[in-house]
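Working notes for the structure below.
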Amino acid sequence: MKTETRQAIVALTIPTPDGVFVARYSKDGLCRLDFPGKTADAEASRRIPPEVRHWHSLTGLVLKTALKGRPIGELPPLDLKAGTVFQQKVWKCLKRIRTGQTWTYGEVAEAIGSKTAFRAVGGACGANPIPVLVPCHRVLAANQRLGGFSGGLEWKKLLLQREGISM
DNA sequence: ATTTCTGGCCTGA
DNA sequence: TCAGGCCAGAAAT
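Counting in the numbering used here, the first sequence runs from -16 upward without gaps.
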């Protein structure tokens, strides 16, 4: 069910105290956020649609806020349609997890009506195109375990720590 | 307590 | 169709 992934995309950088993130936008909104050091091809010079500029300013604000471990404000529109139906369900569900709160993969699975798909939920988290803002780092394994993190467990631990959760 | 095995579900190839 | 993954729970060390 993978659709067109060839959407014209604008990539813009976001300098933060933790490094330079790269945000990518499609015509529908923020479609990807990359951690510092991830194949960052900065292309600041280019025609940037006004709405993208606006989205990007919002992204910058919420990202910096999230990195401080504080609740974020208004998000730019998120373009998550690159994911499968299942993945989109998971990602939307993750947005319900508040700052400083953690769920288990099993709880997320149950919340989307697939109680036994906890493992697939892990897969969807790993495919999350917008980490930090779509808080997959707040999902832990059962039995108080940390679970994995595609962006590197260090990031997961750091993000949780900033939100007051130490593992 | 911790390692291993099994089961169940979604993807991409 | 199939192996493999940010899992969970039970069994076996």
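Backbone N, C-alpha and C define an ideal beta-carbon position, used for all residues, glycine too. The model shown is predicted, which means the values in this text are computed figures rather than measured ones.
(request) Hey, could you find the ends of the beta strand (DSSP E) arginine 36 is sitting in? (result) Note, arginine 36: premise wrong, no beta strand (DSSP E); alpha helix (DSSP H) at 33 to 50.
(message) Distance check for glutamate 90 and aspartate 17, CA to CA, integer angstroms please.
(response) Spanning the two alpha carbons is a distance of roughly 26 Å.
(message) Classify lysine 10: buried if its beta carbon has 16 or more other beta carbons within 10 angstroms, exposed otherwise.
(response) Counting Cβ neighbours within 10 Å, lysine 10 comes out exposed, since fewer than 16 surround it.
(message) Using the three-state DSSP reduction, which class does glycine 12 fall into: helix, strand or coil?
(response) Glycine 12 falls in the strand class under three-state DSSP.
(request) Give a yes or no on whether the C-beta atoms belonging to isoleucine 55 and valine 68 are separated by under 8 Å. (result) When the beta-carbon positions are compared, isoleucine 55 and valine 68 stay at least 8 Å from each other.
(request) Enumerate, from N- to C-terminal direction, the unbroken alpha helix (DSSP H) stretches of 4 or more residues contained entirely within the stretch 80 to 108. (result) The qualifying runs are 88 to 94.
(message) Can you look up serine 61 in the DSSP assignment and give me helix, strand or coil?
(response) Contrary to the premise, residue 61 reads as leucine rather than serine in this sequence. DSSP places leucine 61 in strand when its eight states are reduced to three.
(request) Measure the C-alpha to C-alpha separation of serine 133 and lysine 98 and round it to an integer number of angstroms. (result) If you take the alpha carbons of serine 133 and lysine 98, they lie about 23 Å apart.
(message) Can you look up valine 73 in the DSSP assignment and give me helix, strand or coil?
(response) In the three-state reduction of the DSSP assignment, valine 73 falls in the helix class, which pools H, G and I.
(message) Going by beta-carbon coordinates alone, are threonine 85 and arginine 121 separated by less than 8 Å?
(response) It is a contact, given that the beta carbons lie within the stated cut-off.
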